[in-house]
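Please read the structure below before turning to the comments.
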Amino acid sequence: LKIRENADPEKKRSYSLLHRVCKYGDDLLDVYPLRAWRAYMERNPTQCVCVTLSIWFILQLAFAYMEFGFVFFIFSLLMAVILNLGQREPDEPSPYSVFNPNCERLLGTLTAEHFERDLLGRNVPMP
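Each residue of the sequence shown is one higher than the last, beginning at 1 in full-length UniProt numbering.
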């Protein structure tokens, strides 16, 4: 993607900013503190969890004292979700059956057929 030479300066600035963000924003979670935390987690998982939870609890108390405890808690939940996002292994099935070969479901998946059979008492033949 290239911008024309005769484009107005505002478009050039916007394009330059977008280019810098996209260039360095490939993996926003690949910053040094998170890389160090992941390496520490691989070496000593139990110790890392204890240290992480201790630091989180101390910070939660500090933010609660400053009356921002709820904000910190919600931010913590969001960070926990983001940090636990990962890549699927090539042979691992997707939780969404439409992405699996032959639309194969995972064991324990609740479907409309299960719902009708179990909760509504209908005898629906299972596929």
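Just so you know, even glycine gets a beta-carbon here, dropped at the ideal spot from N, CA and C.
All of these numbers come straight from a predicted model, not from anything done at the bench.
According to DSSP, simplified to helix, strand and coil, what is N102?
helix
In the DSSP assignment, find the unbroken alpha helix (DSSP H) run with D118 in it and report its ends.
Start and end: A112 to D118.
Between M41 and C50, how many whole angstroms is the CB-CB distance? I'm expecting something under 8 Å.
The C-beta distance from M41 to C50 rounds to 12 Å, too long to fall under 8 Å, and the pair is not in contact.
Reducing DSSP to helix, strand and coil, say where A62 ends up.
helix
Compute the distance between the beta-carbons of S97 and T109, then report whether it is under 8 Å.
yes
Could you compute how far the alpha carbon of M79 sits from the alpha carbon of D118?
37 Å
Can you tell me whether A80 is helix, strand or coil according to DSSP?
DSSP places A80 in helix when its eight states are reduced to three.
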